[in-house]
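Here's the structure, in C-alpha cells; my notes come after.
2 protein chains.
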Amino acid sequence: MPPAVRDRFADAPFLRACRGEAAAHKPVWFMRQAGRALPEYRALREKAGMFEMIRTPELAVEATLQPVRRYGVDAAILFSDIVVPVEAIGIRIELKPGVGPVIDQPFRTAADVERLRPIEPEADIPYVIETVRALVGELDVPLIGFAGAPFTVASYLVEGGPSRDHARTKALMHEDPATWHALVDALADMALATLRAQVEAGASAIQLFDSWAGALNPDDYRQHVLPASSRIFAGLADLGVPRIHFGVATGELLPLLAEAGADVVGVDWRVPLRAARSRVPAGVALQGNLDPAICLADWPVVEAEARKVLASNGEHPGHVFNLGHGVLPDTDPDTLARLVELVHSSP
Amino acid sequence: MPPAVRDRFADAPFLRACRGEAAAHKPVWFMRQAGRALPEYRALREKAGMFEMIRTPELAVEATLQPVRRYGVDAAILFSDIVVPVEAIGIRIELKPGVGPVIDQPFRTAADVERLRPIEPEADIPYVIETVRALVGELDVPLIGFAGAPFTVASYLVEGGPSRDHARTKALMHEDPATWHALVDALADMALATLRAQVEAGASAIQLFDSWAGALNPDDYRQHVLPASSRIFAGLADLGVPRIHFGVATGELLPLLAEAGADVVGVDWRVPLRAARSRVPAGVALQGNLDPAICLADWPVVEAEARKVLASNGEHPGHVFNLGHGVLPDTDPDTLARLVELVHSSP
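So the protein lines, in turn, are chains A and B. In terms of my numbering, the first sequence opens at residue 1102 and continues consecutively. In terms of my numbering, the second sequence opens at residue 1102 and continues consecutively.
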C-alpha cells in the first residue's frame, strides 16, 4: 500500500476495528453493498454486462462508489467477481444473471488443472489495478480488495457452476487428493498474486471469500482446504493490511478460519457473536452478522435485530458490523442507510 | 402403538439405540432411502405422481419396503411428504419434480391462517393410516412415522415454495408475531394429530423434520419456533415411542432441538458427532451424520468417511447411523447397501 494511503486512513474506524482497536465510531459495511439493491446500479447495468463493467475502470469505479455515497459505509469494496482471475487467464466463464458463474468446460481431471497458469496482474487484469488506483484517489474511506478462496473457486470450476451439494468437488478432493491439491494450490497462487496487486495499488484491507467452505466438515476443511488458504494469508503478512476471512454456515470452522491466518473472521447470522468470539483467539476481530433476510422486514424489526447483534458483541472493539452474507437484491436501500446511522450512533 | 408391535420390536437395534441402549449391532437407515436413487422406485413413479403414490396404500407400501429389501436397513420410514396434511385439508399444493412443494396461494396474513383447520387423520388422511397398518403387518424392522415441523412447513406456505433465504417467513415471524404463532400453533396441532395417528396405527418411532430450522439463529428459534415444536413432542410423550428431531445446518441449535423434547437429535455432516454429543444432554441419542455428497464418491472414500463417523461417535450406544441429510438422487444404490454392511459389522 502506498505510504500516503496508509497515513490517510491510519485512524479509519474500519481499520482500527479490524486491528481490535477502539475507534471514533463502530464501523459498518455490507457484503454486496454494490449491486442490484441499488437503482443507480441497475441503471449502470443496463449499459453493460458484468464482465464488461469489471473490465471498464470507469464503470467499476462508479459501481464501487455508489454504496459509499448512498449509505455512508466505512469501507468500499472493489466491484469485481471472484472468478475474474480465472476468466482472465483463459477459462471460459459466463456470469448468468440470477444463477452465478457458469463454466464452459468444468474441471474434472489432472489435465484440467494444467489449464490454469500463474496470473500476472499487471498484464492479465490491468483493469482491476487501474480501478483500484482510481478508487484510492477518490475515496475518503478505506478500500477492501478481495479474492475468492481456493475451495470456493475450485467448487465453481469442478461443478461447472453453483452447486447445492458440492458432490463432484468433494469426490475429487477425496478420490484424487493430488489433483485436488494441485488445483487449490494453483488457485491459491492466483488469489495471492491478485490480492498483493490490489494492496500494492492502494487497497487498505483484503477479504478472502470462502463462501461455500461451510459445506465441509472440520476434518475435510483442515486437511484439504486450510493449507492452501493459509498460504494466501501468510503471503500477505508483510503488507501489513487487515486480512478478513469469510464463509457461510461456518459455525464449526470459525477456529480454522482464524487459524488460516485471518486478522478478522466473518461470521454468518447463525452464530451469535458472543459464541463466535469464544471460537477464535483473543486477538482476532469479528465481522458480521445481521441476517440479510431480516433487512427485507420493516424497519422496527431491522432495528431490533441490529441491536441484538450489537449487544451480542458487547464492548469488544474488534467488531466490524456487517450482514451475515450479501445484501439480498430486494433490499430497500433506505433500510441499509438507516442501519448505517444506527450502527454509527451505537455506543 | 399396538402392544403386539411393541413386543415384536422390543429388541430392535434401531429402537434400542434410540433409547441409548446397547444393541446386537449398530443400526442404520437413510433419510430419503425410498426414492429416486432406486431404479425400482423410478419404475413405480412412471405409473403415478407423488400425491397419487402417497394416496394409494399399495404403492406407498411398496415404496416404503423397497429400500428395506434392497439395503437391509434397520428401520423403514413411511413413504409420504411433509406437506401431505396441509394438502389434505384443502391447501392447494403441487409437488414439482426437481423443485419441491409449490403453494398455489402463499400464506401472508392472519386471514390466511384461517385457511387451516384441525386435521382428523381417520377422515382426512385415511390412506396414511391404511399404509401404516399394512406396513406393520409386512415389516420385520420398526416403522418410523414422520411429520414436518411447524417452521419448515410454515416456510413453504409463506414463501410459496422452497426458499434460499426464507425472507418472507422471517419477516412475518418478526413483523406480526401473533399471526406467526397462530400459524405455527395450527401446524403443530396438525403435526401432533398425524404423528399420534401413525403411532396408534403401528409406527414404532417418529421423526419431526425441521429441515430448514438451521436458517434461524438460536434466539429466533427459541422464541418463535421452540414453543410450537415442544408442544408436539410433549403431546407424544404418553405413547412411549422414540422421538427424533432433525434439521440441517443446526450446529448452533442442537441444544434447542433436544430441549424441545427429542429423545434423538439428528445431526448434519457439518458437526462431528463428538462435538454434537457435548451440545445435548447425556440421555439424548444422536442420529447421523455421513455427508450425503460423499456417497457419490468411490467406495473407498465412502468407507473411509463412514469409519470417521463411527470413530467420532466412539462407543456410545445412543447412535443411529444415517446420512447428515437425504440420499442424493444420483447415489448408487450399491454404495448404500455396502454402507449398511459396513455399519452392521462395526464393533
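All C-beta atoms, glycine included, are put in the ideal place defined by N, C-alpha and C. These figures come from a predicted structure and were not determined experimentally.
Next on the checklist: With H, G and I counted as helix, E and B as strand and the rest as coil, what does DSSP make of H1346 of chain A?
Outcome noted: Your numbering for residue 1346 of chain A matches position 245 in the first sequence. The answer is strand: DSSP assigns H1346 of chain A an E or B state.
Next on the checklist: I'd like to know if D1311 of chain A contacts chain B, where contact means its C-beta is closer than 7 Å to some C-beta of that chain.
Outcome noted: Taking the first sequence and counting its residues from 1, one reaches residue 1311 of chain A at position 210. Not an interface residue.
Checklist entry - On the three-state DSSP scale, how would you describe Q1388 of chain B? => result Mapped onto the second sequence, residue 1388 of chain B falls at position 287. Of the three classes helix, strand and coil, the one that applies to Q1388 of chain B here is strand, per DSSP.
Next on the checklist: Taking 7 Å as the threshold (C-beta atoms), are R1269 of chain A and E1276 of chain A in contact?
Outcome noted: Counted from its first residue, the first sequence places residue 1276 of chain A at position 175. Counted from its first residue, the first sequence places residue 1269 of chain A at position 168. Result no, Cβ atoms of E1276 of chain A and R1269 of chain A do not sit closer than 7 Å.
Item to check | Amino acids of chain B, ordered along the chain, whose beta-carbon sits closer than 7 Å to that of V1282 of chain A | outcome: Within the first sequence, numbered from 1, the residue matching residue 1282 of chain A stands at position 181. According to the sequence displayed, residue 1282 of chain A carries His and not Val. Those within 7 Å of H1282 of chain A in chain B number zero; the least Cβ separation is about 16 Å.
Checklist entry - In terms of alpha-carbon separation, which member of A:F1347, A:S1447, A:G1315 and A:P1343 lies closest to A1111 of chain A? => result The residue you call residue 1111 of chain A lines up with position 10 of the first sequence. The shortest C-alpha separation from A1111 of chain A is found at A:P1343.
Next on the checklist: Strictly by DSSP, which residues pair up with E1195 of chain A?
Outcome noted: Walking along the first sequence from the start, residue 1195 of chain A turns up at place 94. A:V1203, per the DSSP bridge assignment.
Checklist entry - For V1214 of chain B versus L1284 of chain B, is the C-beta spacing smaller than 7 Å? => result In the second sequence, counting from the first residue as 1, residue 1214 of chain B sits at position 113. In the second sequence, counting from the first residue as 1, residue 1284 of chain B sits at position 183. Yes, they are a contact pair.
Checklist entry - If P1251 of chain B and G1201 of chain B are in contact, beta carbons under 8 Å, what's the gap, nearest whole angstrom? => result Here residue 1251 of chain B refers to the residue found at position 150 of the second sequence. Here residue 1201 of chain B refers to the residue found at position 100 of the second sequence. About 18 Å; that fails the 8 Å criterion.
Next on the checklist: By the three-class DSSP mapping on this structure, what secondary structure does A1306 of chain B have?
Outcome noted: Position 205 of the second sequence, counted from the first residue, corresponds to residue 1306 of chain B. In the structure shown, A1306 of chain B sits in a strand (DSSP, three-state: E or B).
Item to check | Run of the beta strand (DSSP E) containing G1246 of chain A, from where it starts to where it stops | outcome: Reading the first sequence from its first residue, position 145 is the one you call residue 1246 of chain A. Taken as a continuous stretch (DSSP letters only), the beta strand (DSSP E) holding G1246 of chain A covers L1244 to G1249.
Item to check | Beta-carbon separation (whole angstroms), D1399 of chain A vs L1429 of chain B, contact threshold 8 Å | outcome: In the first sequence, residue 1399 of chain A corresponds to position 298, counting from 1. In the second sequence, residue 1429 of chain B corresponds to position 328, counting from 1. Not a contact, Cβ separation roughly 39 Å.
Item to check | One or two residues paired with N1423 of chain A in a DSSP bridge | outcome: Locating residue 1423 of chain A in the first sequence gives position 322, counting from the first residue. DSSP, once it has assigned bridges, lists A:N1390 as partnering N1423 of chain A.
Next on the checklist: Tell me which residues of the region 1359-1393 of chain A have at least one Cβ-Cβ distance to chain B shorter than 8 Å, keeping chain order.
Outcome noted: W1370, R1371, V1372, P1373, A1376, D1392 and P1393
Checklist entry - Considering only the beta carbon of each residue, do R1218 of chain A and I1190 of chain A sit closer than 7 Å? => result Stepping through the first sequence from its first residue, residue 1218 of chain A is reached at position 117. Stepping through the first sequence from its first residue, residue 1190 of chain A is reached at position 89. In this structure, I1190 of chain A lies closer than 7 Å to R1218 of chain A by Cβ.
Checklist entry - For D1399 of chain B, which residues in chain A fall below 7 Å Cβ to Cβ? => result In the second sequence, the residue the question calls residue 1399 of chain B occupies position 298. By Cβ distance, chain A contributes E1276.
Item to check | Residues of its chain near E1141 of chain A, where Cβ-Cβ distance is below 6 Å and the 5 sequence neighbours each way are ignored | outcome: The residue given as residue 1141 of chain A occupies position 40 in the first sequence. Closer than 6 Å at Cβ, skipping near neighbours: Q1167.
Next on the checklist: I need the boundaries of the beta strand (DSSP E) containing V1366 of chain A, first residue and last residue.
Outcome noted: Counted from its first residue, the first sequence places residue 1366 of chain A at position 265. Note, V1366 of chain A: beta strand (DSSP E), V1365 to G1367.
Item to check | Cβ-based burial, K1271 of chain A [other Cβ within 10 Å; buried from 16] | outcome: What you label residue 1271 of chain A is simply residue 170 of the first sequence in a count that begins at 1. Counting Cβ neighbours within 10 Å, K1271 of chain A comes out buried, since at least 16 surround it.
Next on the checklist: Using a Cβ-Cβ cutoff of 9 Å, what residues of the region 1314-1336 of chain A are near chain B? List them in chain order.
Outcome noted: G1315, A1316, L1317, N1318, P1319, D1320 and D1321
Checklist entry - Quick one: is D1175 of chain B buried, meaning 16 or more other Cβ sit within 10 Å of its Cβ, or exposed? => result Numbered from its first residue, the second sequence carries residue 1175 of chain B at position 74. So D1175 of chain B ends up on the buried side.
Item to check | Cβ pair L1424 of chain A, F1180 of chain A closer than 7 Å | outcome: Working through the first sequence from its first residue, we reach residue 1424 of chain A at position 323. Working through the first sequence from its first residue, we reach residue 1180 of chain A at position 79. It is not a contact, given that the beta carbons lie outside the stated cut-off.
Checklist entry - What residues match up with A1177 of chain B in a beta bridge as DSSP calls it? => result Translated into positions along the second sequence, residue 1177 of chain B becomes position 76. Answer is B:L1244, bridged to A1177 of chain B.
Checklist entry - Thinking just about the alpha-carbon of each residue, which of B:A1394, B:P1448 and B:D1286 is nearest to the one in G1415 of chain B? => result Taking the first residue of the second sequence as position 1, residue 1415 of chain B is located at position 314. The option with the nearest alpha carbon to G1415 of chain B is B:P1448.
Checklist entry - How would you call D1108 of chain A, buried or exposed, if buried means at least 16 neighbouring beta carbons within 10 angstroms? => result Looking up residue 1108 of chain A in the first sequence gives position 7. Flag for D1108 of chain A reads exposed.
Checklist entry - Got a sec: is the Cβ-Cβ distance from K1197 of chain A to anything in chain B below 7 Å? => result As a first step, residue 1197 of chain A is located in the first sequence; it is residue number 96 there, counting from the start. It does not; no Cβ of chain B falls within 7 Å.
Item to check | Reference L1440 of chain A; option with closest CA among A:S1413, A:I1395 and A:T1295 | outcome: On the first sequence, residue 1440 of chain A is found 339 positions in, with the first residue counted as 1. Taking only the C-alpha atoms, the option nearest L1440 of chain A is A:I1395.
Item to check | Cβ distance (whole Å) where G1315 of chain A is taken to contact H1346 of chain A below 8 Å | outcome: Numbered from its first residue, the first sequence carries residue 1315 of chain A at position 214. Numbered from its first residue, the first sequence carries residue 1346 of chain A at position 245. The Cβ separation is near 12 Å, so there is no contact.
Item to check | CB contact below 7 Å: V1402 of chain B versus chain A | outcome: Stepping through the second sequence from its first residue, residue 1402 of chain B is reached at position 301. Cβ-Cβ to chain A under 7 Å: yes for V1402 of chain B.
Checklist entry - Roughly how many angstroms separate the alpha carbons of A1105 of chain A and E1301 of chain A, rounded to a whole number? => result As a working note, residue 1105 of chain A is residue 4 in the first sequence. As a working note, residue 1301 of chain A is residue 200 in the first sequence. Approximately 12 Å between the Cα atoms of the pair.
Next on the checklist: Please report the straight-line C-alpha distance between A1212 of chain A and T1280 of chain A, rounded to a whole angstrom.
Outcome noted: Start at 1 with the first residue of the first sequence, and residue 1212 of chain A comes out as number 111. Start at 1 with the first residue of the first sequence, and residue 1280 of chain A comes out as number 179. When rounded, the distance between both Cα atoms is 9 Å.
Item to check | Integer Cβ distance of N1390 of chain A from V1403 of chain A, believed to fall under 8 Å | outcome: Mapped onto the first sequence, residue 1390 of chain A falls at position 289. Mapped onto the first sequence, residue 1403 of chain A falls at position 302. So it is not a contact: roughly 14 Å between Cβ atoms.
Checklist entry - Would you call K1197 of chain B buried or exposed, if buried means 16 or more other Cβ atoms sit within 10 Å of its Cβ? => result The residue given as residue 1197 of chain B occupies position 96 in the second sequence. By the neighbour-count rule (16 or more Cβ atoms within 10 Å), K1197 of chain B is not buried but exposed.
Checklist entry - Does the distance from the C-beta atom of Q1308 of chain A to that of F1208 of chain A stay below 7 Å? => result By 1-based counting over the first sequence, the position of residue 1308 of chain A is 207. By 1-based counting over the first sequence, the position of residue 1208 of chain A is 107. No, they are not a contact pair.
Next on the checklist: When you compare the CB positions of G1121 of chain A and A1386 of chain A, do they come within less than 7 Å of one another, or not?
Outcome noted: Your numbering for residue 1121 of chain A matches position 20 in the first sequence. Your numbering for residue 1386 of chain A matches position 285 in the first sequence. Their beta carbons are under 7 Å apart, which means G1121 of chain A touches A1386 of chain A by this criterion.
Next on the checklist: Per DSSP, what are the beta-bridge partners of V1129 of chain B in this structure?
Outcome noted: The residue given as residue 1129 of chain B occupies position 28 in the second sequence. DSSP, once it has assigned bridges, lists B:F1422 as partnering V1129 of chain B.
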